[in-house]
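K.L.:
So the protein sequences, as listed, match chains P and E.
Residue numbers 1 to 419, in my numbering, belong to the letters of the first sequence in order.
Residue numbers 1001 to 1377, in my numbering, belong to the letters of the second sequence in order.
All C-beta atoms in this analysis are idealised placements derived from N, C-alpha and C, irrespective of residue type, glycine included.
Just passing along the structure, written as C-alpha cells.
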Amino acid sequence: MSASIEKGINAFKRQVDSSVAAFFSSCVHCGLCSEACLFYTETGDPKRTPINKTEPLRRIWKSEFTLMGRLGKMVGLTKKVDDALLEEWQELVYDSCTLCGRCSMVCPVGNDIALMIRKTREGMAAAGQAPEGLIGATNRSVTIGSPMGVRWPALRAQIKHVEEDTGLKIPVDVEDVEYMLLLSSMEIMNFPEFIEAVAKIFAKAGVTWTISSEAFEATNSGIQIGVSDIAAELVQRIVDVADKLRVKTVISPECGHAYMAIRWDGPNLVGKPFNFKVRHILEVLDELRKDGRLKLSGKESQKLTYHDPCQISRRGGVIDEPRKLIDMFAEDFVEMPDGGKMNWCCGAGGGVSANERADEIRLKVFDRKKAQLEEIRPDGIISACSNCRIHLEDGLEEHNMDIPLLSLTETIAEHLAED
Amino acid sequence: MKKDLLLKDGNPQQGNPLGGTLGESLRSQGVSRRSFMKFCATTASMMALPPSMIPMIANALENARRPSVIWLSFQECTGCTESLTRAHTSTVESLIFDAISLDYHHTLQAASGHAAEAAREVAMEENFGNYLLVVDGSIPLDNPGYSTIAGISNLDMLTESAKGAAAIVAVGTCATYGGIPHANPNPTGAVSVKDIIKDKPIINVPGCPPIPVVITGVLAHYLTFGAIPELDHIGRPKVFYGQSIHDRCYRRPFYDKGQFAETFDDEGAKKGWCLYKLGCKGPTTYNACATTKWNNGTSFPIESGHPCIGCSEPDFWDGGGFYKALSLPTEDLSKTAVYAAAGAAAAGVAVSALNRGKKNASNKIHIKTTIDDLTQE
C-alpha cells in the first residue's frame, strides 16, 4: 500500500496522544513562538509561526478527539484534512522548520511545538507529502545504508588514507571494546579529518574503540522525514551491531539529529532500553579531559566563537562540555549572542539541507546568523555538527564573508600535547 | 496563701501579692531603681513609644497594683510556657513575672488537684472583672472529652474563666488561630479563643512559640496603659507584628539581587544567600523575629540558615511544604478541583474510551511504512 491521504490521516490519528491533546488544548494563541522562529523572524510571514505548522495534526485532533470537533464534523463545520491542505503545508512543515526547538523553549504553557511538528511530519510522509529530496535521502539510507549513498568500500578507502597519513591503525569490527564510533556521511565524504582526529585523540588517551563495517552511519533520515517505522529500522541496525560487538558505549559523531535519533528517540523507537550507553563525542572528550587523559599544548590566539548545534545543545543538553574543551586551547573565546541553549539555528537542520526546494529559504534565514557574526566578528567559528558547518560555510560564501569553520574534535586533535 | 502555690527559683514567693504595688514588690526583691528605669526604657523602645513615655511607664508600673493573672493551657505542647521561662532572672521577662500575680498555671504552680483548682476559683472571685486571662492551646469542640482539666472540659473552663476577665491574651498560634490541632483534617474540631469568646477584648500573640519578650511586652503594655495595644486585622499587636520578617530580614539584599540558595549545602547556602527558594515564608509572615530575635537577641531561624516556616500566621501548618517556595502552589488539588475532576472524570472516561478506541483502530489498520511506500507514486 503506497502513500495516500487515507494512510496519512490514519498516521495523524496514531500521533495523537495525551501530550498532543494537552498541548493543543492548552495553546493560548499568544504567538510567542513566532518570535522564536528563524523562519518567521527572517521572512516576517505569519504563516511560518511554529504552531501554525502543526495545523493538519491539530485538525485531526479536533475533529476526531474532541466533543466540539466531532459535533462540528457532523454538521460539516470542522475543517477537513485533504491533499490540498497537506500540499500547501509541505513548505511549512518541511522547508520552514529545522526542528531546532527554540519555539518549545519560549512557549508559556510548555508545549513542545518542535515535537508536534515532528509528529505532523509522520502524517505528511504517510500521505505522500514529503519533499523529493528527503524521500531520496531516506531511500538511500534504507537501501544503501547512508543518505548520501556512502557504502562500506568508500569508508574503507577513507580509513586507509587516514592510516597512511597517521601511521595509526583504525580498528574495524573489533569486539569487546569501550567505544563504537558512528560517523555521518558528511564526515566520511567531506571531513575525513574527523576520523583522523578521533584516532589520534583515542590513541593518546589509550581508549579502546572500533568502527563497524556493517553499521557506521549515524544519521537517521527516518527521523527527518517523519517515518518512525523507518527510523526504528535504522536505529535497530546500530543496536544489532553494538550488541554483537558487545561495546560499552556508542559514540554519536559531530552531527546534530544523529545524536537525538540514537540517544533520545532510539530506545523509544525500538521499544526497549539499550544494552549500551550512548554519548556524544563531546561528552566523551570532556570525560577524558576530566580524567586527565586529554592533554593539549599551545593556544589559539585568534578570536573564536562556538555555534551550538540545536540538537546537541538545546535538545541534547551538551552545553558546558564544548565550552570546557574550547577553554583548553582558546585564548580569546567570545560567546555567540544567545549562545548556549537559546542559540539561533543555522537554518539547515532537521532535513532542510537534504531538501533542494528549501535552498532559497535556508540561505534567506541565514541572515540571522550573519547579523550575529557581524556583531562579534570572530576569526573562526567552532561547531560540533557537520551539517551546521556545511551550511554556515554556504551562507558565509553567499555573503562573501571569510570566516573559517572548525570542528571542535579536529581542533583538539591539532593541539594534542606531544609526549 | 495563693502565692505560696507558685515557685520562683525553687522557693515559695514571699509577701502578700495582692496587697502591694509593683514598685514595692520590686524593691522588696532587690531590684534597683536604675534597673527598673532601664526596663521601662527598653519597654518603650521595644514598643516604639517616644522617650517621653518612659517616666509614664515607670510611674504606671510602680503604682500599678500587681494584677492577678490566670493562665489556662488547653490543647497545646507547653512550648509557649517553655518559651516564656527562657526569660532568665534579672531580665525584662522575670521583672514582669515578679510584677504580676500569676495565680494559676498548670506547669508552673506547685499545687495539684483540688488545691490548684481552688486557687483559680479564689483568684477569679477576688479579682472579678480585673484579672488578666492568658490562654495557650486550642479548644476542641467535636467532643468535650478530648481535653479536660480536673474533669472540666476546655470549653467550660474557658467560658467560665472569661466571664470575669478584664482582657484575654491568647498566647501561641494554637490559642490564636487553632494552630497544629486545627491543622487539616482537624480531628478534634479545634478552634481558637476568639472563635468562642466574643464579648471580651482579646490580644492575639501568635507564634509557635511566640518570642518571650513579645509575650511580656504585651503584658507590660497592658499594665502601663490599662488598655490593649493597637491590633492588626487578625488581632495581633501592631508593635510586634506590624512588619514582615522579609522586610526586616538581613538577607533581603540577596533576594533583591536574585541570589538564592538552591539547596541547603550549595555555595549560595554557604554564602548566606536568600532562602526564598528553599521555602522561606518570610515574605508572608508578620512577626518580630528579624528585629527582636531569640535567646536574648542571639539570632533567629534565618540567621541559623533555616527558612522561616511562618509560625505566627493562621494555618501555617497547612501552607504546603515548609521547603516549598512560596511561588509554588500549596496543594496538589483544591477541593473544587477534586469535585470538578470527579465530574469531569465521568465524562472523561466515556470520551477517552471512545478516543482510545479510535487510536487503537488507527494502530490496528497501520501497516508498517516502508521505503517503497514513499517512493511509489
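#1: Might you give, ordered along the chain, the residues of its own chain that have their beta carbon closer than 8 angstroms to the beta carbon of glutamate 87 of chain P, omitting 5 neighbours on each side?
#2: Within 8 angstroms of any Cβ in chain P, is that where the Cβ of aspartate 1266 of chain E sits?
#3: By DSSP, does arginine 279 of chain P sit in helix, in strand, or in coil?
#4: Glutamine 1014 of chain E by DSSP, collapsed to three states: which one?
#5: Keeping to the same chain, check which residues put their C-beta closer than 6 angstroms to that of alanine 242 of chain P; ignore five residues upstream and five downstream.
#6: How is methionine 1167 of chain E classed by DSSP in three states: helix, strand or coil?
#7: From which residue to which residue does the alpha helix (DSSP H) around valine 420 of chain P run?
#8: To the nearest whole angstrom, what separates the beta carbons of leucine 296 of chain P and leucine 416 of chain P, a pair I think is in contact under 8 angstroms?
#9: Starting from the C-beta of phenylalanine 24 of chain P, find all residues in its chain whose C-beta is less than 7 angstroms away, skip the five residues before and the five after it, and write them out in chain order.
#10: Quick one: give me the first and last residue of the beta strand (DSSP E) that alanine 215 of chain P is part of.
#11: Please list, in chain order, all residues of the same chain as isoleucine 195 of chain P whose beta carbon is under 6 angstroms from its beta carbon, the five residues on each side excluded.
#12: Go ahead and pull the three-state DSSP assignment for aspartate 286 of chain P.
#13: If you follow the alpha helix (DSSP H) that serine 34 of chain P is in, where does it begin and where does it stop?
#14: Classify threonine 1042 of chain E as helix, strand or coil using the three-state DSSP reduction.
#15: Are the C-beta of valine 1351 of chain E and some C-beta of chain P separated by less than 8 angstroms?
#16: Looking at chain P, is there any beta carbon in it that lies within less than 8 angstroms of the beta carbon of lysine 1281 of chain E?
#17: Need the endpoints of the beta strand (DSSP E) that tyrosine 1146 of chain E sits in, please.
#18: Taking the alpha-carbon positions, what's the histidine 1114 of chain E to threonine 1148 of chain E distance?
#19: Could you name the residues of the same chain whose beta carbon sits closer than 8 angstroms to that of proline 273 of chain P, not counting the 5 residues immediately before and after it, in chain order?
#20: Pull the bridge partners of valine 172 of chain P from the DSSP assignment, please.
#21: CA-CA distance, serine 1244 of chain E and alanine 1170 of chain E?
#22: Which residues of the stretch 1177 to 1199 of chain E have a Cβ closer than 7 angstroms to any Cβ of chain P? Give them in chain order.
#23: Would you list the residues sitting across from tyrosine 1131 of chain E in a DSSP beta bridge?
#24: Quick check: what's the CA-CA separation for serine 1090 of chain E versus glycine 1226 of chain E?
#25: Tell me whether glutamate 88 of chain P sits in a helix, a strand or coil according to DSSP, three-state version.
#26: Can you look up cysteine 1289 of chain E in the DSSP assignment and give me helix, strand or coil?
#27: Cβ atoms of alanine 1190 of chain E and proline 1181 of chain E: under 8 angstroms apart, would you say?
#28: Within its chain, find whatever has a CB closer than 7 angstroms to the CB of alanine 3 of chain P; leave out the 5 residues flanking it on each side and keep chain order.
#29: Per DSSP, what are the beta-bridge partners of isoleucine 1152 of chain E in this structure?
#30: Assuming lysine 493 of chain P is part of the beta strand (DSSP E), what are its boundary residues?
#31: Just to confirm my understanding: we take alanine 1269 of chain E, look at its own chain, exclude 5 residues before and 5 after, and list those with CB closer than 6 angstroms. What are they?
#32: Consult DSSP for aspartate 332 of chain P and reduce its assignment to one of helix, strand or coil.
#33: Where does leucine 392 of chain P fall in DSSP's three states?
#34: Using the Cα positions of alanine 354 of chain P and glutamine 311 of chain P, report the straight-line distance between them to the nearest angstrom.
#35: At a cut of 8 angstroms, does the stretch 129 to 144 of chain P reach the stretch 222 to 231 of chain P through at least three beta carbon pairs?
#36: Any Cβ of chain P within less than 8 angstroms of the Cβ of leucine 1374 of chain E?
P.N.:
Reading it off the structure:
#1: Position 87 of the first sequence, counted from the start, is the residue given in the question as residue 87 of chain P. Contacts found: Gln129.
#2: Along the second sequence, read from residue 1 onward, the residue named residue 1266 of chain E stands at position 266. So, not an interface residue.
#3: Taking the first sequence and counting its residues from 1, one reaches residue 279 of chain P at position 279. Correct three-state label for arginine 279 of chain P: strand.
#4: The sequence position of residue 1014 of chain E within the second sequence is 14, counting from 1. Because the pLDDT of glutamine 1014 of chain E is 38, which lies under 50, any placement of that residue in the model is unreliable, and the question is left without a value.
#5: Position 242 of the first sequence, counting from 1, holds the residue named residue 242 of chain P. The answer, listed in chain order, is Met180, Val250 and Phe276.
#6: By 1-based counting over the second sequence, the position of residue 1167 of chain E is 167. Note that residue 1167 of chain E corresponds to alanine in the displayed sequence, not to methionine. Strand at alanine 1167 of chain E.
#7: Look at the range of chain P in this structure, 1 to 419, and you will see that residue 420 of chain P is not part of it.
#8: For the purposes of this step, residue 296 of chain P is identified with residue 296 of the first sequence, where counting begins at 1. For the purposes of this step, residue 416 of chain P is identified with residue 416 of the first sequence, where counting begins at 1. Leucine 416 of chain P and leucine 296 of chain P do touch by the CB rule: their CB atoms are close to 6 angstroms apart, below 8 angstroms.
#9: On the first sequence, position 24 is the one that residue 24 of chain P refers to. Arg58 and Trp61, listed in sequence order.
#10: On the first sequence, position 215 is the one that residue 215 of chain P refers to. Element bounds for alanine 215 of chain P: n/a, residue is neither H nor E.
#11: Counting from 1 along the first sequence, the entry for residue 195 of chain P is found at position 195. Hits under 6 angstroms: Val162.
#12: Your numbering for residue 286 of chain P matches position 286 in the first sequence. Aspartate 286 of chain P falls in the helix class under three-state DSSP.
#13: Numbered from its first residue, the first sequence carries residue 34 of chain P at position 34. Following the DSSP letters along the chain, one finds serine 34 of chain P inside the alpha helix (DSSP H) bounded by residues 32 to 36.
#14: Translated into the one-based positions of the second sequence, residue 1042 of chain E becomes position 42. Three-state DSSP puts threonine 1042 of chain E in a helix.
#15: Here residue 1351 of chain E refers to the residue found at position 351 of the second sequence. Yes, because at least one Cβ of chain P sits closer than 8 angstroms to the Cβ of valine 1351 of chain E.
#16: Mapped onto the second sequence, residue 1281 of chain E falls at position 281. Against chain P, the CB of lysine 1281 of chain E has no partner CB under 8 angstroms away; the residue lies outside that interface.
#17: Here residue 1146 of chain E refers to the residue found at position 146 of the second sequence. No beta strand (DSSP E) holds tyrosine 1146 of chain E; DSSP gives it neither H nor E.
#18: Position 114 of the second sequence, counted from the start, is the residue given in the question as residue 1114 of chain E. Position 148 of the second sequence, counted from the start, is the residue given in the question as residue 1148 of chain E. Each residue's Cα considered, the two are about 14 angstroms apart.
#19: Position 273 of the first sequence, counted from the first residue, corresponds to residue 273 of chain P. Only Pro267 meet the Cβ criterion.
#20: Mapped onto the first sequence, residue 172 of chain P falls at position 172. Looking at the DSSP assignment, valine 172 of chain P forms a beta bridge with P:Ile211.
#21: Indexing the second sequence from 1 puts residue 1244 of chain E at position 244. Indexing the second sequence from 1 puts residue 1170 of chain E at position 170. Distance between serine 1244 of chain E and alanine 1170 of chain E, taken at the CA atoms: about 21 angstroms.
#22: none
#23: Mapped onto the second sequence, residue 1131 of chain E falls at position 131. According to DSSP, which records beta bridges pairwise, tyrosine 1131 of chain E is partnered with E:Ala1165.
#24: Start at 1 with the first residue of the second sequence, and residue 1090 of chain E comes out as number 90. Start at 1 with the first residue of the second sequence, and residue 1226 of chain E comes out as number 226. Unreliable placement is indicated for serine 1090 of chain E, whose pLDDT of 38 sits below 50; the coordinate value is still reported in the next sentence. The straight-line gap from Cα to Cα measures roughly 24 angstroms.
#25: Translated into the one-based positions of the first sequence, residue 88 of chain P becomes position 88. Helix.
#26: Residue numbering aside, residue 1289 of chain E sits at position 289 when the second sequence is read from its first letter. In the structure shown, cysteine 1289 of chain E sits in a helix (DSSP, three-state: H, G or I).
#27: As a position in the second sequence, residue 1181 of chain E is number 181, starting the count at 1. As a position in the second sequence, residue 1190 of chain E is number 190, starting the count at 1. Yes, the pair counts as a contact, with Cβ atoms nearer than the cut-off.
#28: Mapped onto the first sequence, residue 3 of chain P falls at position 3. Counting only Cβ-Cβ distances below 7 angstroms, and skipping sequence neighbours, we find Ala126, Ala127 and Gly128.
#29: One-based indexing of the second sequence puts residue 1152 of chain E at position 152. DSSP lists E:Ile1149 as the beta-bridge partner residues of isoleucine 1152 of chain E.
#30: The structure shown does not extend to residue 493 of chain P, since chain P is modelled only from 1 to 419, so the question has no answer here.
#31: One-based indexing of the second sequence puts residue 1269 of chain E at position 269. Closer than 6 angstroms at Cβ, skipping near neighbours: Ala1261.
#32: The count along the first sequence starts at 1 and reaches residue 332 of chain P at position 332. DSSP places aspartate 332 of chain P in strand when its eight states are reduced to three.
#33: Position 392 of the first sequence, counting from 1, holds the residue named residue 392 of chain P. Helix, per DSSP.
#34: As a position in the first sequence, residue 354 of chain P is number 354, starting the count at 1. As a position in the first sequence, residue 311 of chain P is number 311, starting the count at 1. So the alpha carbons of these two residues sit roughly 17 angstroms apart.
#35: Segments in contact, yes.
#36: Position 374 of the second sequence, counting from 1, holds the residue named residue 1374 of chain E. True, the Cβ-Cβ gap to chain P drops below 8 angstroms.
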